[in-house]
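2 protein chains.
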Amino acid sequence: MEHKAIITPEELLKHWQGHRRLTRKVLAAFPEKELFEFSIGGMRTYADLTKEMLSIAVPGLEGIVNNTTEGYSHNLDLQTKDALLQAWDEDTPRIDELFGRITEQRFREDFNLFGEYKFPVIENIQYFIDNEIHHRGQGYVYLRALGIEPPMFWDRY
Amino acid sequence: MEHKAIITPEELLKHWQGHRRLTRKVLAAFPEKELFEFSIGGMRTYADLTKEMLSIAVPGLEGIVNNTTEGYSHNLDLQTKDALLQAWDEDTPRIDELFGRITEQRFREDFNLFGEYKFPVIENIQYFIDNEIHHRGQGYVYLRALGIEPPMFWDRY
Chain A
1 MEHKAIITPE ELLKHWQGHR RLTRKVLAAF PEKELFEFSI GGMRTYADLT
51 KEMLSIAVPG LEGIVNNTTE GYSHNLDLQT KDALLQAWDE DTPRIDELFG
101 RITEQRFRED FNLFGEYKFP VIENIQYFID NEIHHRGQGY VYLRALGIEP
151 PMFWDRY
Chain B
158 MEHKAIITPE ELLKHWQGHR RLTRKVLAAF PEKELFEFSI GGMRTYADLT
208 KEMLSIAVPG LEGIVNNTTE GYSHNLDLQT KDALLQAWDE DTPRIDELFG
258 RITEQRFRED FNLFGEYKFP VIENIQYFID NEIHHRGQGY VYLRALGIEP
308 PMFWDRY
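As you go down the protein sequences, you meet chains A and B in turn. First residue of the first sequence: 1, per the numbering used here; consecutive thereafter. First residue of the second sequence: 158, per the numbering used here; consecutive thereafter.
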């Protein structure tokens with residue numbers, strides 16, 4: 001059976017932004033103190049996991065669009081929950097804009113993301129999304145351990 | 158700019174099976190007792206999370222391929238880690254086979270998964286994968302809480 005491609009760039013972007021809406025709800029559900037202090041088993045705080053997401057999404061897309069391979073830093077100077085939420089919201093339209101500049105051909109080309117991870121651009125972007133789902137799932141456990149009900153997994157609206 | 162689709166069914170299947178290899182490693186990393194007994198914050202054990210994944214993947218694909226909308230059950234009779242690993246491995250070729258029977262047109266059609274979730278087939282399948290990443294991320298926290306080093310997130314080989 002011959003197959004053709006089944007996910008368009010627009011659909012993948014919509015899928016990602018839906019996940020980002022849920023990830024924002026998980027961030028918003030943390031109390032200020034626990035966001036920056038609570039963790040389990042020596043893992044990073046949810047503030048640090050959020051900073052990782054922020055330091056991958058827009059910087060990664062900028063690297064792809066501008067064809068630059070600078071390294072990345074998770075060490076963002078965001079010291080409050082409001083600052084993290086604001087950074088998250090500011091990135092939303094930037095992701096739309098940068099993603100929209102990736103051509104069909106470019107998705108198929110290898111790119112050495114952050115000078116370290118050489119894969120087709122489409123796989124780099126799938127990694128951004130999967131990594132966000134992965135760390136957000138960890139945030140769900142933190143919230144449950146804190147006695148806080150996390151949002152429903154399908155709540156991406 | 159006009160975009161065309163960028164992910165083929167074969168690529169999506171390969172992506173999923175890569176994730177499934179990592180998810181199997183997380184399952185294998187649990188000690189027998191903690192797999193069935195340990196949890197955090199009132200959540201399900203990793204055995205139960207694994208049963209959920211097993212009760213979605215092949216049954217969901219069977220529903221899509223056979224156009225049946227029976228409900229699903231997470232309550233699989235798998236009582237040991239070996240039984241879970243064996244079920245996981247038996248599903249691997251079944252997923253390949255069932256996925257390969259979904260036509261390009263079918264991916265675009267709405268399907269009322271398990272009689273409950275009416276979305277395009279492609280979105281149903283993305284949900285299977287995302288849900289697995291989400292719960293596996295929770296397994297990482299359980300392992301860390303148990304003092305066990307989980308596999309690397311990129312280790313899908």
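Here a beta-carbon is modelled for each residue, glycine too, at the ideal position from N, C-alpha and C. Note that the structure is predicted; figures quoted are calculated from it, not measured.
Would you say residue i reaches chain A, if we count a Cβ-Cβ gap shorter than 8 Å as a contact?
i             : result
residue 243/B : no
residue 279/B : yes
residue 271/B : no
residue 261/B : yes
residue 190/B : no
residue 314/B : no
residue 221/B : no
residue 106/B : Residue 106/B falls outside the range modelled here, since chain B spans only 158 to 314, and no answer is possible.
residue 213/B : no
residue 252/B : no
residue 187/B : no
Tell me the residue span of the alpha helix (DSSP H) that contains residue i.
i             : result
residue 274/B : From DSSP, residue 274/B is part of no alpha helix (DSSP H) but of the beta strand (DSSP E) over 274-277.
residue 114/A : First-last for residue 114/A: undefined, no H or E at that position.
residue 192/B : 189-194
residue 134/B : The structure shown does not extend to residue 134/B, since chain B spans only 158 to 314, so no value can be given for it.
residue 63/A  : 46-66
residue 184/B : 166-186
residue 104/A : 104-108
I believe residue i touches residue j by the beta-carbon criterion, under 8 Å. Please report the beta-carbon distance rounded to the nearest angstrom.
i             : j             : result
residue 255/B : residue 222/B : 5 Å
residue 307/B : residue 301/B : 7 Å
residue 141/A : residue 215/B : Their Cβ separation, rounded to whole angstroms, is 27 Å, which puts residue 141/A and residue 215/B out of contact at 8 Å.
residue 40/A  : residue 197/B : 7 Å
residue 6/A   : residue 261/B : 6 Å
Taking 8 Å as the CB-CB limit, is residue i close to chain B?
i             : result
residue 3/A   : Here residue 3/A scores only 47 on pLDDT, less than 50, and its place in the model should not be relied on; the value that follows carries that caveat. Answer yes: the Cβ-Cβ gap between residue 3/A and chain B drops below 8 Å somewhere.
residue 130/A : yes
residue 126/A : yes
residue 149/A : no
residue 145/A : yes
residue 137/A : yes
residue 9/A   : yes
residue 74/A  : no
residue 42/A  : yes
residue 111/A : no
residue 107/A : yes
residue 38/A  : no
Which residue wins for smallest C-alpha separation from residue i, given the options the options?
i             : options                    : result
residue 206/B : 178/B, 231/B, 286/B        : 231/B
residue 290/B : 240/B, 173/B, 202/B, 195/B : 173/B
residue 85/A  : 101/A, 142/A, 25/A, 127/A  : 25/A
residue 313/B : 176/B, 166/B, 162/B        : 176/B
residue 22/A  : 89/A, 82/A, 55/A           : 89/A
residue 169/B : 248/B, 286/B, 185/B        : 286/B
residue 81/A  : 140/A, 142/A, 139/A, 32/A  : 32/A
residue 229/B : 212/B, 304/B, 187/B        : 212/B
residue 251/B : 219/B, 234/B, 262/B, 311/B : 219/B
residue 167/B : 194/B, 292/B, 259/B, 235/B : 259/B
residue 209/B : 293/B, 311/B, 264/B        : 293/B
residue 185/B : 253/B, 261/B, 262/B, 244/B : 244/B
residue 321/B : 261/B, 266/B, 257/B        : Because chain B in this structure spans residues 158 to 314, residue 321/B falls outside the shown range and cannot be described.
residue 295/B : 195/B, 164/B, 233/B, 266/B : 195/B
residue 127/A : 263/B, 165/B, 311/B, 264/B : 311/B
residue 111/A : 146/A, 60/A, 96/A, 78/A    : 60/A
Please check if any C-beta of chain E sits within less than 8 Å of the C-beta of residue i.
i             : result
residue 153/A : Protein chains A and B are contained in the structure displayed, whereas chain E is not.
Check whether the stretch 104-116 of chain A touches the stretch 56-70 of chain A, taking contact to mean three or more Cβ pairs, one atom from each stretch, closer than 8 Å.
-> yes
Answer yes if the stretch 121-131 of chain A comes into contact with the stretch 29-46 of chain A, meaning at least three C-beta pairs across the two stretches below 8 Å, and no otherwise.
-> no
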